[in-house]
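Engineer:
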Amino acid sequence: MASTNHLSDPVTFGEDLASNLQRVLEIAPRHCRDCADYHIRCVAHRATGERFGIDSDRPELVALLKGLVGRRLAEQPGRLDIVIAGSADTGVLATVAHAVSLLGDEALARCRFTVLDLCPTPLLLCRHFAAEHGLDFASAAVDLTALGERFPADILVMHSVFRFIDSSLQPAVLKELGSWLKPGGAMVFSNRIKTRTSQETRADIAKRGAANALFGAMAERGEIKVAVDPGAVMKRLERALHDDESRVGEFRTADELKGLLAGGPLPLTHFEEIVCEIGGGDRPRYRRKRVLAVLAAPGEQSPEQRLAAPS
């Protein structure tokens, strides 16, 4: 069934956040008992209209992806494999599909979208989103730190994933994921810079606390409808208030992240720092950096280049 929220819509990006909320409340407690609160919080906060997660760099990501996918489609015939490694909800898939949709229906029809995550909840949400929009779609539950299966990609997208991966494992994971790229392919890497300052922590917690309060008020007014007890949802949101403050793979400076990417096996061809303001008004304020980067795989050699290469 086609969604009334079309992929090319610059406001919704094809997402129905109210329906997502109903689905995550049903799915997460059954499929992700240990992290259900996190998945519910991600969807509930975005359902209030507040900017969270993917919303922090969506315009920049769309512009970058549109250019990369457009060039790749022009360079080669046939299907393009776009792999999304890590997803909290439908936000990253919607953003990538939106960028492709701006290139036209033929471009969208040539792309296959594969979403990978450790948790079933975002995979089920993404599967429903893809079915609504008629996307060529696949998904797999995988641990990015213990991979066996490979997922060849023309474009590989990672948004806010490495902060969940222990710093000691990040170089090996980056190398493995980079090996999935087809010749001439590209890895798009977006990640926040999370300092250790108390100012930033206060701004983060205040922002999530304000979103919790807004959700509760909207639910009470009937502006957000849930099929379960709103009080039970609020308890989940309160439990998840601090869970973004202690991820094992945070980057403390942009230079630290640049060092990881530049020290990997693929050339770093794009490195952009984006500043996002957290809070403000009567809440603590902090200007956070986010990095948007591209790593490029070498192109396939022509027969002439292969003959000229030293043996």
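Per my numbering, residue 1410 is the first one in the sequence shown, and the count goes up by one each step. We put the CB at the ideal spot given by N, CA and C, even for glycine. Just so we're clear, the structure is a prediction, and the values are computed from it rather than from any experiment.
Short of 6 Å in beta carbon distance, which residues of its chain neighbour Thr1678, apart from the five on each side in sequence? Order them along the chain.
Structural biologist: Counting from one through the sequence shown, the residue named residue 1678 turns up at place 269. Contacts found: Val1703 and Ala1705.
Engineer: Indicate the three-state DSSP secondary structure (helix, strand or coil) for His1568 in the structure shown.
Structural biologist: Position 159 of the sequence shown holds residue 1568. Assignment of His1568 by DSSP, reduced to helix, strand and coil, places it in the strand class.
Engineer: Out of Arg1488, Ala1649 and His1568, point me to the one whose CA is closest to Val1700's CA.
Structural biologist: Taking the first residue of the sequence shown as 1, we reach residue 1700 at position 291. The residue with the shortest Cα to Cα distance from Val1700 is His1568.
Engineer: For the beta strand (DSSP E) that contains Lys1698, what are its first and last residues?
Structural biologist: Residue 1698 sits at position 289 when you count from the first residue of the sequence shown. Per DSSP, Lys1698 belongs to the beta strand (DSSP E) from Arg1692 to Ala1705.
Engineer: Quick check on the DSSP output: what are the complete alpha helix (DSSP H) runs of length 4 or more inside the stretch 1646-1681, in order along the chain?
Structural biologist: Within the stretch 1646-1681, the complete alpha helix (DSSP H) runs of at least 4 residues are 1663-1671.
Engineer: Give a yes or no on whether the C-beta atoms belonging to Ala1636 and Leu1511 are separated by under 8 Å.
Structural biologist: Numbered from its first residue, the sequence shown carries residue 1636 at position 227. Numbered from its first residue, the sequence shown carries residue 1511 at position 102. For Ala1636 and Leu1511, no; Cβs fall outside 8 Å.
Engineer: Let me check one thing: in DSSP terms, what residues is Glu1686 bridge-paired to?
Structural biologist: Along the sequence shown, one-based indexing puts residue 1686 at 277. In the DSSP output, where bridge partners are listed per residue, Glu1686 has Arg1696.
Engineer: Taking DSSP's pairing of strands, which residues face Thr1554 in a bridge?
Structural biologist: For the purposes of this step, residue 1554 is identified with residue 145 of the sequence shown, where counting begins at 1. Within the DSSP bridge table, the entry for Thr1554 names no partner.
Engineer: In chain order, what residues of the same chain have a beta carbon less than 7 Å from the beta carbon of Ile1463, not counting five sequence neighbours either side?
Structural biologist: Your numbering for residue 1463 matches position 54 in the sequence shown. Correct list, in chain order: Gly1500, Val1501, Thr1504 and His1568.
Engineer: Which same chain residues end up closer than 6 Å to Asn1621 when comparing Cβ atoms and leaving out the 5 residues on each side of it in sequence?
Structural biologist: Start at 1 with the first residue of the sequence shown, and residue 1621 comes out as number 212. Cβ neighbours of Asn1621 beyond the five flanking positions: Leu1646.
Engineer: With 16 as the cutoff for other CB atoms within 10 Å, does Val1657 come out buried or exposed?
Structural biologist: If you number the sequence shown from 1, residue 1657 lands on position 248. It is exposed - the Cβ of Val1657 has fewer than 16 other Cβ atoms within 10 Å.
Engineer: Let me know the secondary structure DSSP gives Val1635 once reduced to three states.
Structural biologist: Position 226 of the sequence shown, counted from the first residue, corresponds to residue 1635. If DSSP states are grouped into helix, strand and coil, Val1635 belongs with coil.
Engineer: What residues in its chain sit with their C-beta under 7 Å from that of Thr1604, if we drop five residues either side in the sequence?
Structural biologist: To locate residue 1604, count along the sequence shown from 1; it is residue 195. Arg1661, listed in sequence order.
Engineer: On the DSSP bridge assignment, give the partners of Asn1600 in chain order.
Structural biologist: Looking up residue 1600 in the sequence shown gives position 191. Val1700, per the DSSP bridge assignment.
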